[in-house]
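S.K.:
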Amino acid sequence: MPQGVVAQMILDGRTIPGSTSLDAFDVCIVGAGPAGLIAANEFLGQGIRTCVIESGGFESDAATQLLAESEVEDNDDLYPDPLYAHDRRVGGTSAQWDVRVDRKLYAHLMPLDAADFLERSWVPNSGWPFGAGTLAPFLARAQAASQGGIFDYQPEAYADEAHPIFQSARLASRVLSFGPQDTFQAILPSRIRESRDVTLLTWSNVVELLTNKDSDTVSEVQVACLNGNRFKIRPRMLILAQGAFDVPRLLLASRSIAAAGLGNHNDLVGRYLMDRQIVKAGVLTPAVPGRLHKFAFYDMHQVEGNHVLGKLTLSPETLAAEGILGNLISFSPRERRSVYPWLHRPFGRQTTSRSPAHRSARLLAAALRARQIPSRALSHLEKIACGLDDLIYIRVVRRMSYRPEFNFDCLGWQATADFERRFSSLEVHQICEQSSHPENRILLSDECDDTGMPKARIAFRWNTLDVFSIIRTQDIIKEEFSRAGIGDLRLDRRGDFPIVEQMSAHHPSGTTRMSQDPKLGVVDANCKVHGVSNLFVASSSVFPTSGFAPPTLTILAIAIRVADRIKEVLGS
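The sequence shown begins at 1 in this note's numbering and counts up by one.
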């Protein structure tokens, strides 16, 4: 390895001489997003020579961002192109965090529920290879490393007379804390700059992993740059710290030795794709005017210097009795004199999924591009005419820059002057757990990106359990609010289908799922790829089930746990 590479802790991959082989690293981390940076942080000062490989630089770059463009199979659930769930630069998707507190940006932090780790008879493919207690110490370390405040997620610790918890046998309360964006955009990158044993390779795209002839050890990491430069890295240990789209894409593309892709001998790489959906449940009008302060716990508030946000869920007992998936229930205020509801009201059922008009418009557009006449063209035109409101909502209203001051992510309305007069009711949203299904998956497209790597192809559909769980949750919270005399929840639905505001919350998971049995998963309980001695995954892609909690804290905890395991292996 050239001496200059050792001395330069941040290195532009485009400047490395072609055909160079970098052999001096003990650990190579692919991806400098939150997971990759938090793992690299664990190696600082350990005498472990580490490199972190990032596709972009420190600012957004359009050409680099296009490397995330994918092909999405056409279906009525309208899953978005994962291009928009990426940010190919140092800090990764932390650049997209948009929870605003005191003019700074944050992400929500929350551990999974203990029940999420268990095998649930009504949830297909559920159960982690360990319980919640195994991950608990790593969650506390992740909370500290991300500067997320005190690691205490007991709702009672943040409730008082001014912030009461809603009491119900069928409902439970949870709290979110806040992790600052600066940790991953500035603080951790700065530590790497100052380190003498971690090298950051920017503008470098990992396009394939090469192995020995038995495919049981990664021997080379193939790197390609957009300027045409290519080089290799030969680390002792490798961590894939990309997201749930990119990890399976890389494993499937690594087929020079293993024809089906690395770690894919049981055809599981890329399967069981999950995400979290955001659904509008309806509008809650208090039974007694001027009682919005009863929901102060479920607005962002501060306790001993820590910002927290309360949420409602169904209790674990209720989920088991009903046989449904979990939902996180959010409240945001609706202004008495806001124009926002009036902008939406004329335009349809406010859904981004399963719109007959939008479906027909897409099919007609595809046929016209191919210079073909589609079958049943008149039927498609009729559906478009009857659903113009849908098309206007999806194509125009949903993309308007106007947003209310408060939403289910950015709150703090109770601190505003005279909020009881300003707001009349509460918007109710659900952030939904999705079941894991093997046919929801990442595959490889026949089309390649500008580095020559095959693009990802996404197959995604909601299933009956997903939809039923959302609808049944709405019924239960409506019943509980009425029973407690809180108020009336006017449900918003499209017939028997929920109103989908976002089919993807940019929280994909599950595509290299964890299992001790290689026939049921891609990685083992230590997140090592089955059958590959030196390849680990630190990503939401290892989640067997997704839960309803934001995944960030769990991803960081898994990355720290993987780093600890690698330190043990290297030490031995």
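All C-beta atoms, glycine included, are put in the ideal place defined by N, C-alpha and C.
How about the stretch 498 to 516 and the stretch 476 to 490: do they share at least three Cβ pairs that are nearer than 8 Å?
M.R.: no
S.K.: Nearest by alpha-carbon distance to D409: which of A142, V303 and Q430 is it?
M.R.: For the purposes of this step, residue 409 is taken as residue 409 along the sequence shown, with counting starting at 1. For the residues A142, V303 and Q430, the minimum Cα distance to D409 belongs to Q430.
S.K.: Do you know offhand how far L325's Cα is from N41's?
M.R.: Your numbering for residue 325 matches position 325 in the sequence shown. Your numbering for residue 41 matches position 41 in the sequence shown. The alpha-carbon atoms of L325 and N41 are separated by roughly 35 Å.
S.K.: Select from W413, H86, L200 and K528 the residue whose C-alpha is nearest the C-alpha of K623.
M.R.: This structure leaves residue 623 out entirely; the chain is present only between 1 and 572.
S.K.: Nearest to Q181 by CA position, among R103, V279 and Y84, is which residue?
M.R.: Along the sequence shown, read from residue 1 onward, the residue named residue 181 stands at position 181. Out of R103, V279 and Y84, R103 has the C-alpha closest to the C-alpha of Q181.
S.K.: I need the straight-line Cα distance from R163 to D496, nearest angstrom please.
M.R.: Reading the sequence shown from its first residue, position 163 is the one you call residue 163. Reading the sequence shown from its first residue, position 496 is the one you call residue 496. In the sequence on display, residue 163 carries His and not Arg. The straight-line gap from Cα to Cα measures roughly 35 Å.
S.K.: For the stretch 190 to 260, list the beta strand (DSSP E) runs that are entirely contained and at least 3 residues long, ordered along the chain.
M.R.: 198 to 202, 205 to 211, 218 to 224, 230 to 233 and 237 to 240
S.K.: Taking V532 as the reference, give the member of L11, W122 and R236 with the closest Cα.
M.R.: Position 532 of the sequence shown, counting from 1, holds the residue named residue 532. Looking at the Cα atoms, R236 is the closest of the given residues.
S.K.: Who are the near neighbours of V247 in its chain, counting only those whose CB is closer than 7 Å to its CB and skipping five residues on each side?
M.R.: Mapped onto the sequence shown, residue 247 falls at position 247. The answer, listed in chain order, is L240, T511, T512, V537, S539 and S541.
S.K.: Under 8 Å by Cβ, that's how I've got G573 and S254 pegged, so tell me the actual separation to the nearest angstrom.
M.R.: Nothing about residue 573 can be reported from this structure: the residues present for the chain run from 1 to 572 only.
S.K.: Along the chain, where does the beta strand (DSSP E) that runs through D466 open and close?
M.R.: Locating residue 466 in the sequence shown gives position 466, where the first residue counts as 1. Where D466 is concerned, there is no enclosing beta strand (DSSP E), although the alpha helix (DSSP H) it sits in stretches over T464 to R483.
S.K.: Does the count of Cβ pairs from the stretch 471 to 479 and the stretch 84 to 91 closer than 8 Å reach three?
M.R.: In this structure the stretch 471 to 479 does not touch the stretch 84 to 91; the number of beta carbon pairs closer than 8 Å is below three.
S.K.: At what residue ranges does the stretch 64 to 103 contain a whole run of the alpha helix (DSSP H), taking only runs of 4 or more?
M.R.: none
S.K.: To which residues of the same chain is L67 closer than 6 Å at the C-beta, ignoring the five residues directly before and after it?
M.R.: Along the sequence shown, read from residue 1 onward, the residue named residue 67 stands at position 67. These residues qualify, in order along the chain: D449.
S.K.: Excluding the five sequence neighbours on either side, which residues of its own chain have a C-beta within less than 7 Å of the C-beta of Q516, listed in chain order?
M.R.: Here residue 516 refers to the residue found at position 516 of the sequence shown. Once the five neighbours on either side are set aside, the close Cβ partners of Q516 are P129, D524 and A525.
S.K.: Under a Cβ-count criterion, where at least 16 other Cβ atoms within 10 Å of its own Cβ denotes burial, should T573 be classed as buried or exposed?
M.R.: The chain is shown only over 1 to 572; residue 573 falls outside these bounds and no answer can be derived.
S.K.: When the Cα of S546 is compared with those of N125, A377, V223 and E405, which residue comes out closest?
M.R.: Position 546 of the sequence shown, counted from the start, is the residue given in the question as residue 546. Of N125, A377, V223 and E405, the residue nearest in Cα terms is N125.
S.K.: Whole angstroms are fine: how far does the CA of D116 sit from the CA of D590?
M.R.: There is no way to answer for residue 590, as the model of the chain reaches only from 1 to 572.
S.K.: Quick one: residues in its chain with C-beta nearer than 7 Å to the C-beta of A157, no 5 flanking neighbours on either side, listed in chain order?
M.R.: Locating residue 157 in the sequence shown gives position 157, where the first residue counts as 1. No residues qualify anywhere along the chain.
S.K.: Using the three-state DSSP reduction, which class does Y153 fall into: helix, strand or coil?
M.R.: Taking the sequence shown and counting its residues from 1, one reaches residue 153 at position 153. Here Y153 sits in coil by DSSP.
S.K.: Going straight from the alpha carbon of S284 to that of L118, what length do you get?
M.R.: If you number the sequence shown from 1, residue 284 lands on position 284. If you number the sequence shown from 1, residue 118 lands on position 118. Strictly speaking, residue 284 in this sequence is Leu, with Ser absent from that position. Between L284 and L118, the C-alpha separation is close to 33 Å.
S.K.: Residues bridged to D488 by DSSP?
M.R.: By 1-based counting over the sequence shown, the position of residue 488 is 488. Bridge partners of D488: T285.
S.K.: Apply the 10 Å Cβ neighbour rule to C386 and answer buried if 16 or more other Cβ atoms are within range, or exposed otherwise.
M.R.: Counted from its first residue, the sequence shown places residue 386 at position 386. Burial call: exposed.
S.K.: Can you tell me the Cα-Cα spacing of V5 and R461, whole angstroms?
M.R.: As a position in the sequence shown, residue 5 is number 5, starting the count at 1. As a position in the sequence shown, residue 461 is number 461, starting the count at 1. Confidence in V5 is poor, its pLDDT being 42 and thus under 50, which makes the residue's placement unreliable; the coordinate value appears in the next sentence. Each residue's alpha carbon lies about 46 Å from the other.
S.K.: Keeping to the same chain, check which residues put their C-beta closer than 6 Å to that of R271; ignore five residues upstream and five downstream.
M.R.: Looking up residue 271 in the sequence shown gives position 271. If we look at R271 and ignore the five residues flanking it on each side, its Cβ neighbours are P438 and R441.
S.K.: Counting C-beta neighbours from all protein chains within 10 Å, is the total for G13 16 or more, i.e. buried, or is it exposed?
M.R.: Counting from 1 along the sequence shown, the entry for residue 13 is found at position 13. By the 10 Å Cβ count, G13 comes out buried.
S.K.: What residue range is occupied by the uninterrupted alpha helix (DSSP H) comprising C448?
M.R.: The residue given as residue 448 occupies position 448 in the sequence shown. Segment R441 to C448 is the beta strand (DSSP E) holding C448; no alpha helix (DSSP H) there.
S.K.: Among residues of its own chain, excluding the 5 on either side of Q574, which ones have a beta-carbon nearer than 6 Å to its beta-carbon?
M.R.: Past the boundaries of the shown model lies residue 574; the chain is included only from 1 to 572, so the question cannot be answered.
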